[in-house]
Structures are given as structure tokens and as C-alpha cells.
Amino acid sequence: MSHQPKILMCPPDHYGIEYEINPWMNRQRGSDRNAAHSQWRHLTEQLEQAGAVLRFIDPVPGLPDLVFTANAGLVHQSCVYLSRFRHSARQPETEFNRIWFQQAGFECKELPIEWSFEGAGDALFCGATLFGGYIIRSDAAAMQWLAAEIGCEALALQLVDDRYYHLDTCFCPLDAESAIWYPPAFDDYAQRVVPARIPRLIEVRADEAVRFACNAVVIGETVVLNTGCPQLCRDLTRAGFRPVETPLDEFIKAGGSAKCLTLRLDGEDAKR
Ligand code: ARG
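All you need for the numbering used here is the position in the sequence shown, starting with 1, plus 21.
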């Protein structure tokens, strides 16, 4: 790779299960603070070993999901399209993200007020095409608006399983021609569109999809993901990638894993 990938993360100081906005979250099943810290720290080490440069946004009391920086926005070159969260519990995150991006020198753009959009959780480039997950957290119209702004093609994919409420929970571009995916999370049309557009697909098994197998961070050939996905690890190795497993169960309690905890600042652009 010609440059070092830059990744935004947020320490889990104020992480916890304080509300329930997806089927994974249950306030009765809180997170263990020490375990969350050590899992998060271990993830940062794996990412650094894979060659990433990490940047950090300060955690904010009362915003437990700010750790999931994938949802801060979609970065494209020097511009960030800030998220407009579906649920009011996460809406205050946007102001803190805006301040961070402004201070980091990004141009901050916002989507029209009528649409929800949850950033790189739902909008992922595979090659030059933007794949956008919609209906549960983001709106299809937001994807079309983004495509026009960026000047790229967008394919809106409807998500049909509440457990896989963001695109990055069931789809992960590996490079311009390959991706990991879990087809049952998509409607029939999307299940036809993805294979028509991406020549090499690795299909994840149901028992590994619930381990957030698709929620992986790709850094060149390295693919960092949660533990408990042995079949995907074998398939990745066979396809020429290097899977690295790191335990992230504390974050699955909130419906997130490796990818959700990161945001590529040099673009969610697998083709690089
Ligand atoms: N509890 C968070 C939510 O429901 C988890 C976000 C996970 N982020 C992601 N990119 N999938 O919004």
C-alpha cells in the first residue's frame, strides 16, 4: 500500500448499554467496563500492527455509542458527510463529531434535513461504487443524494433483518472486486444486485454472521474481526487475505464489532 491508512476511534470510557435501539441491546445485559477497555485496547493494537495510524475523538458522558465512530459520517477525500441519526438517543453525537472534523481540517457537509443517514455504517465503497444500506437506519434517498454530491454511482440495498440494521453488519468490501456478505440480511433485489456487481463474494454462515463476521476492518490484506468465525477465517486465507481475530463481545452487546468501532479517515475506499 502506498500510504498509511488513518482511522478514527473513540475510547470506551463512557460506553454502556443505556437504551435499546437494536435487537442486540438489552439494558439488563450491561457492559463490563474493564473488559470493554481491554478489548478496545487490543483492537487498537491489532490495527496499529496492520499499519494503521489511529486518531481519537474524546469520549463524552451520556453518549455511550460515540465509540462506534463508523457512524460519525462518510469521509470522501477532504470532506465528511455527517450522520443524521435515526434515533434521538444518538443525535447529539453529531455536534461532537462536527467539532472534531472541523478541527482536523475536514469540510463538514450535511444531508438535507428530511433524511436519516448513519455514515460509514450504511455507506461503503467497493471500487468506485457506493453501496448504501437503507430502510432501518438510513434512507435510500440519502444514498442517491450522496452519489450526486460525490459524483459516483450508488446502489441502494434494502436491509430486511433487524439484527443486521447497518450495512456494515452484513457486508464488507475487501477490494474493488471482492466482499464478504451475509445474503439473508438483504431483500431479493439486493441479493441479485450484489453478485451482479461484485465478482468475488465470500458468503458468511448464519452462525458466524451473528458473531459479526461481516463487521471487519480491512487494512490492505489484513482483515481484523471478532473471534468465533473460523469458517470465514479459512475462506479469507484461501482468498489471499490475512484474518486477525480479536475478542469484541462487550461491543456486540450494543450491536457493534470491529468495523463499527472505526472510521477510515482516508475514505471508506476499499480499492486503495
Ligand atoms: N448501538 C449502536 C446503534 O445501534 C451500535 C452501532 C454500530 N455501528 C455500526 N456501524 N454498525 O446505533
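No residue lacks a Cβ here, since even glycine has one placed at the ideal position from N, Cα and C.
First and last residue of the uninterrupted alpha helix (DSSP H) at residue i
i: Met30; result: From DSSP, Met30 is part of no alpha helix (DSSP H) but of the beta strand (DSSP E) over Lys27 to Met30.
i: Glu69; result: Arg54 to Gln70
i: Arg107; result: Segment: none, Arg107 is in no alpha helix (DSSP H) and carries neither H nor E.
Three-way DSSP call (helix, strand, coil) for residue i in this model
i: Tyr102; result: strand
i: Gln179; result: strand
i: Val245; result: strand
i: Trp166; result: helix
i: Cys193; result: strand
i: Trp121; result: helix
i: Ser159; result: coil
i: Phe233; result: coil
i: Lys280; result: helix
i: Leu75; result: strand
i: Gln142; result: What sits at residue 142 in the sequence shown is Gly, not Gln. Residue state, collapsed to three classes: helix.
i: Arg184; result: helix
i: His35; result: helix
i: Glu271; result: helix
Buried or exposed by the 16-neighbour rule on C-beta atoms within 10 Å, applied to residue i
i: Ser159; result: buried
i: Arg48; result: exposed
i: His24; result: exposed
i: Phe233; result: buried
i: Met22; result: Reliability of the predicted coordinates at Met22 is poor, the pLDDT of 44 falling under 50, and no value is obtained from them.
i: Thr283; result: buried
i: Leu286; result: buried
i: Asp86; result: buried
i: Phe127; result: buried
Closer than 8 Å: residue i CB and nearest the ligand ARG heavy atom
i: Thr190; result: yes
i: Asn247; result: no
i: Ala275; result: yes
i: Met30; result: no
i: Phe77; result: no
i: Gly142; result: yes
i: Ile42; result: yes
i: Met46; result: yes
i: Asp86; result: yes
i: Asn118; result: no
i: Phe122; result: no
Start and end residues, beta strand (DSSP E) containing residue i
i: Trp136; result: Careful: Trp136 lies outside any beta strand (DSSP E) and carries neither H nor E.
i: Val215; result: Premise fails: Val215 lies in the alpha helix (DSSP H), Asp209 to Arg218, not in any beta strand (DSSP E).
i: Glu128; result: Glu128 to Glu131
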